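Trainee: Numbering-wise (the working numbering), the sequence shown opens with residue 2 and increments by one. C-beta atoms are modelled at their ideal positions from N, C-alpha and C, and glycine is treated no differently. Fair warning: this is a prediction, and the values are worked out from it, not measured in the lab. Take this structure, written in structure tokens, and hold onto it; I'll ask about it next.
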Amino acid sequence: MANSQKTIAVAGAGIAGLTLAIALAKFGFRVVVAEKQASPSEFGAGLQISPNARRVINALGLDEDFAANSFAPEAIDIYPHKFDAPINSVQLGEFATKRYDGFSYAVAHRADLLNCLYRAAKKFANIDMHFGIEDIDATQTADSVSILLKDQRGTPFPVTARALIGADGVRSQTRIDHINGKKPKFTGYVAWRALASIDHVAKFLPTNHTSLFWGPDYHVVLYPLPHQQSVNIALFSTHKHKSITHEEELKLNPNKLSIKENSTLSPILDSLYDEFTPWPLFGITCDQWYKGNVALIGDAAHAMLPFQAQGAAMGMEDAGLLAVLLAAEPDNAKAFAQYQQLRKPRVDKVQSQSAKNGKIFHMRPPQAWARNFVVARQSPDAQLKRLDWIYSHDPFEGML
Ligand SMILES: Cc1cc2nc3c(=O)[nH]c(=O)nc-3n(C[C@H](O)[C@H](O)[C@H](O)COP(=O)(O)OP(=O)(O)OC[C@H]3O[C@@H](n4cnc5c(N)ncnc54)[C@H](O)[C@@H]3O)c2cc1C
């Protein structure tokens, strides 16, 4: 029987869950990962992986594998509505890598990152991954959690662990069952995601840059994934209702937006509207990220709007730090309290910056004119300077 004090159970084999599993395994824990999907879930599309997230990837020893399956764009070009040339370019590439201690700003498909983590996790004899888990029945005792995992066939798998960590995403059952019962709220924004061929987009935009289009009630981000011969397109729009049903989701069509008036974007998107998948955006804020021997990481604790491209990054930072704290502190109450104290103020600030970006990106005239005037006159590194507090962050705080 494995020592339960050296066993940690993780609900969810997404980006945060697998990052945590690898980090804990490196500290010698036995990790039991329980995932609802039958295999590593490759849903989603592109992800921007900023230098703060890359710091965690590199600390796991995955720098080379991730570099081979991602791309570092040279810049982010900003195009306001009806502009056919960028008003400013945020310098990335070597410039950003130097600025952030050698950690680069990259883009990848979510599956690129997930598979990189999965390949690494599979190499650890002390990580047990269970896919197709339909039920995680957990009961807390004073210093452990007794868990019964059940798969689709009802086969039970018992685990006694020091802690259960919910990395089960925005709709986290761990949060609902063990922390505060809270369900996520619709944010009022909908994302559509599609992949286009790189040859198609190359006719209109430089495919070594990320392109960001701002418009009234919408914005669009395009970035190249040359290792996949594709370009990730994420289109975001403001939705006028406070709630959203599945039928409404399916009726929504990005074609109806004022993007039609945008002479740079329209020819890129015109042939692609049928490819777009709607993705209503939900968020959650929790005052408390842990209770007893159960804690939350990633979207389960703090799903945020993706307008600062930091959701996965925050989940990876959470995971890296929580592993260090659990290894250093045998008392869960102390480790979790320190985890929340170190993480929550930063995550709250990123969450609110993401919401603020939504308002700025979707401005209408005359506010949009003032925004464009200011951004057009900024030096190329002004945007990075403004975001240094996000990108230069070391979640390990010198603990490694
Ligand atoms: C349009 C869009 C663009 C984005 N762009 C970026 C970006 O550029 N950069 C960035 O950093 N972030 C971005 N994000 C955010 C990012 O995708 C999420 O923050 C990140 O994927 C969250 O990771 P997670 O591991 O916490 O949750 P998830 O990725 O949701 O993983 C949760 C896992 O738990 C599993 N699960 C769920 N319920 C259960 C259960 N009951 N039992 C067991 N397993 C369960 C799921 O199947 C899944 O595998 C974007 C999000 C969206 C919607």
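Quick check: Ile180 and Gln354, are their CB atoms within less than 8 angstroms of each other?
Mentor: The answer is no: Cβ separation not under 8 angstroms.
Trainee: Can you look up Ser5 in the DSSP assignment and give me helix, strand or coil?
Mentor: The answer is helix: DSSP assigns Ser5 an H, G or I state.
Trainee: Would you say the beta carbon of Asp138 comes nearer than 7 angstroms to a heavy atom of ligand 1?
Mentor: Asp138 Cβ: outside cutoff for every heavy atom of ligand 1.
Trainee: Residue range of the beta strand (DSSP E) that Gln141 falls in?
Mentor: Residues Ile134 to Gln141.
Trainee: Quick one: any contact between the stretch 10-27 and the stretch 52-65, if contact means 3 or more CB pairs under 8 angstroms?
Mentor: With a cut-off of 8 angstroms, the stretch 52-65 and the stretch 10-27 count as touching, because enough Cβ pairs lie within range.
Trainee: With a CB to CB cut of under 7 angstroms and the five nearest residues on each side skipped, what residues in its chain are close to Ala39?
Mentor: So the list reads Phe132 and Gly133, once near-sequence residues are dropped.
Trainee: Within a Cβ cutoff of 6 angstroms, which residues of the same chain sit near Met2, ignoring the five residues on either side of it in sequence?
Mentor: Reliability of the predicted coordinates at Met2 is poor, the pLDDT of 40 falling under 50, and the value obtained from them is presented with this limitation in mind. So the list is empty, once near-sequence residues are dropped.
Trainee: Ignore the nearest five residues each way along the sequence and tell me which others in Ala356's own chain have a CB closer than 7 angstroms to its CB.
Mentor: Cβ neighbours of Ala356 beyond the five flanking positions: Leu306.
Trainee: Report all residues from its chain with a CB closer than 6 angstroms to the CB of Lys345; omit the five preceding and five following residues, and keep chain order.
Mentor: Cβ neighbours of Lys345 beyond the five flanking positions: none.
Trainee: Pick out the complete alpha helix (DSSP H) segments inside the stretch 173-257, 4 residues or longer, and give them in chain order.
Mentor: Counting whole runs of 4 or more residues, the stretch 173-257 contains the alpha helix (DSSP H) stretches 199-203 and 247-252.
Trainee: Give the secondary structure of Thr278 by DSSP, where H, G and I count as helix, E and B as strand, and everything else as coil.
Mentor: The answer is strand: DSSP assigns Thr278 an E or B state.
Trainee: Using a Cβ-based criterion (distance less than 7 angstroms to any ligand heavy atom), does Lys37 qualify as near ligand 1?
Mentor: Yes, Cβ of Lys37 sits closer than 7 angstroms to a heavy atom of ligand 1.
Trainee: Using the beta-carbon count (16 or more within 10 Å), is Val191 buried or exposed?
Mentor: Val191 is buried by the Cβ-count criterion.
Trainee: Using the DSSP secondary-structure output, state which residues sit across from Met130 in a beta bridge.
Mentor: Partner(s): Val34.
Trainee: Look at Ala304 and Pro207 and say whether their C-beta atoms are less than 8 angstroms apart.
Mentor: Contact: no.
Trainee: Can Trp280 be considered in contact with ligand 1, in the sense that its beta carbon sits closer than 7 angstroms to one or more heavy atoms?
Mentor: Result yes, Cβ under 7 angstroms from ligand 1.
Trainee: Could you round the C-beta distance between Arg55 and Phe104 to whole angstroms and report it? I think they count as a contact, below 8 angstroms.
Mentor: The Cβ separation is near 4 angstroms, so the contact holds.
Trainee: Is the separation between the beta-carbon of Ser231 and that of Leu196 shorter than 8 angstroms?
Mentor: In this structure, Leu196 lies closer than 8 angstroms to Ser231 by Cβ.
Trainee: What are the residues that DSSP puts in a beta bridge with Phe403?
Mentor: No answer is possible for residue 403: the residues shown for the chain start at 2 and end at 401.
Trainee: Taking only three categories from DSSP, how would you classify Phe104?
Mentor: Reduced to three states, the DSSP call for Phe104 is coil.
Trainee: Determine the closest residue to Ala14 out of Lys360, Gly284, Gly189 and Ala168, with distance taken between C-alpha atoms.
Mentor: Ranking the options by Cα distance to Ala14, first place goes to Ala168.
Trainee: What does DSSP give as the partner residues of Gln92 in its beta bridges?
Mentor: Ala76.
Trainee: So is Val375 buried or exposed if we call it buried at 16+ other beta carbons inside 10 Å?
Mentor: So Val375 counts as exposed.
Trainee: DSSP state of His110, grouped into three classes?
Mentor: In the structure shown, His110 sits in a strand (DSSP, three-state: E or B).
Trainee: If you reduce the DSSP assignment to three classes, tell me which class Val171 lands in.
Mentor: Here Val171 sits in coil by DSSP.
Trainee: Nearest to Pro81 by alpha carbon, out of Thr278, Ala369 and Ile234?
Mentor: That would be Ala369, whose Cα lies nearest to the Cα of Pro81.
Trainee: Can the beta-carbon of His201 be found less than 8 angstroms from the beta-carbon of Phe72?
Mentor: Not closer than 8 angstroms, so no.
Trainee: Do you know offhand how far Val221's Cα is from Gly155's?
Mentor: In a straight line, the C-alpha of Val221 is about 44 angstroms away from that of Gly155.
Trainee: Using the Cβ count rule (16 or more neighbours within 10 Å means buried), how would you classify Gln49?
Mentor: It counts as buried.
Trainee: Which residues bound the beta strand (DSSP E) around Gln49?
Mentor: Gln49 -> beta strand (DSSP E) spans Gly47 to Ile50.
Trainee: Pull up the DSSP beta-bridge partners for Ala12, would you.
Mentor: According to DSSP, Ala12 bridges with Ala35 and Gly167.
Trainee: So the candidates are Gly216, Trp390, Leu322 and His210; which of them puts its Cα closest to the Cα of Lys350?
Mentor: The candidate whose alpha carbon is nearest that of Lys350 is Trp390.
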